[in-house]
């Protein structure tokens, strides 16, 4: 191989590679020069230079260093090519092994296919013979069936009258059962209605007690609201007295006026809320509402008088703030009581709705009682009809007894024909079972044949893919080489 240099052990001369100029297509092979020839010019040069280069070694020469590097590179390439060759041989051995395996499997598959064909032909012949025998037995069976059908027709004509009588009796009995069920359903419904009524009465009593308790609570809250109104009036009178008693500068007066105006607005809002809450009680407590309205008008008049005298009132800032805080506290309490009154009103409306529901339940109960009376009358009428139908049923029973005697004779004849038919059917079933058994034995053979075909096709596909992959690997290795 070009570019490769060797140094044999023994008396062979040492070969030194000298680098040549690099061609365009790649690195050129190094020129091999024997060591003695390369050393001769060095000796002449050393003699001409008066021994100045005697201590230099050939290993330090640049050409020698470059040559050794190229030798190492070429050795690595040789190792790579050897590895590629070994891989190629290994893949070839694998391909040969797979080819032998596929051939063996194909031969075995062919043997199995031939064996399956033989078994299939034998099974087809057995099935054909069984089908012929089965067809013969079916014809005999059809003939027996026709004879039996003729007998059954004769029996059916005589049986029709008996069936008709039984149907009428069954219909009458069914009507009686339905009437009994309706009566039982009505009784259950009445019991349920009575239980619901007792429960409704109990709930009504409980709700009445709750209404009374809520009424007492409402009276208590009304008293508390009246007390709070008195406290508000007292606080307002106290504010008026304090405003008359203290005088400040015009600046403090403006501040106090603003505070009083805010308190007046808040009080006005509180009074509006109180009026809205009290309006719900006007129908039941007209006198009390008139008193409260008079008190509110008096409070408004006092506030108007206080506002008209604002030019002459002066308060200290600290005391005015404390008074405003007390007013705010009282207004909050008043708002809380108003909310509680509204809550009680909502509960009152809820209780009224419940009472209305109880009244509706009572009306429904009366309606159900009327319906029960109507159903009871209908039940009595049904009992009369049932007695009449019972008499008719007894007459039909006597007729049915005569038909039963004739029916016993027909049953005896039918039993004989049935025994013959059962024997024929047993033979036919045995033949059909034999055919099914042969078909069941043939089916696995057919499935096995299909499975072997699929396996052969799969193996051929894998072999073709393996060949294609191996071919691509060989081409790739060839390109690398």
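Residue numbers (the numbering used here): 1 to 481.
Even glycine gets a Cβ: it sits at the ideal position worked out from N, Cα and C.
Computed from a predicted structure; not experimentally measured.
Starting from the C-beta of residue i, find all residues in its chain whose C-beta is less than 6 Å away, skip the five residues before and the five after it, and write them out in chain order.
i	result
residue 446	none
residue 93	none
residue 188	none
residue 508	No answer is possible for residue 508: it lies beyond the span of the chain, which begins at 1 and ends at 481.
residue 86	none
Report yes if the C-beta distance between residue i and residue j is below 8 Å; otherwise report no.
i	j	result
residue 88	residue 459	no
residue 72	residue 470	no
residue 98	residue 466	yes
residue 106	residue 456	yes
residue 428	residue 138	yes
Spatial neighbours of residue i within its chain, please: C-beta separation below 8 Å, excluding the five flanking residues on both sides.
i	result
residue 11	Any reading at residue 11 is ruled out, since the residue's pLDDT is 39, under 50, leaving its predicted position unreliable.
residue 468	none
Quick one: measure Cβ to Cβ for residue i and residue j, integer angstroms, because I've assumed they're closer than 8 Å.
i	j	result
residue 463	residue 65	So it is not a contact: roughly 54 Å between Cβ atoms.
residue 113	residue 449	6 Å
residue 126	residue 476	Not quite, the Cβ-Cβ distance comes to about 58 Å (not below 8 Å), so this is no contact.
residue 498	residue 149	Outside the modelled stretch of the chain, which goes from 1 to 481, sits residue 498, for which no answer is possible.
In chain order, what residues of the same chain lie with their CB nearer than 7 Å to the CB of residue i, ignoring the 5 residues before and after it?
i	result
residue 325	none
residue 329	none
Between residue i and the ligand SAH, is the CB less than 7 Å from at least one heavy atom?
i	result
residue 408	This structure lacks the ligand SAH; in fact it carries no ligand of any kind.
Practice task
Could you tell me whether the region 114-133 touches the region 422-439, where touching means 3 or more Cβ pairs closer than 8 Å?
Solution key: Enough Cβ pairs lie closer than 8 Å, so yes.
Practice task
Count the CB pairs spanning the region 407-416 and the region 73-87 that are closer than 8 Å, and state whether there are at least three.
Solution key: As far as the Cβ criterion goes, the region 407-416 does not touch the region 73-87, which means the pair count is below three.
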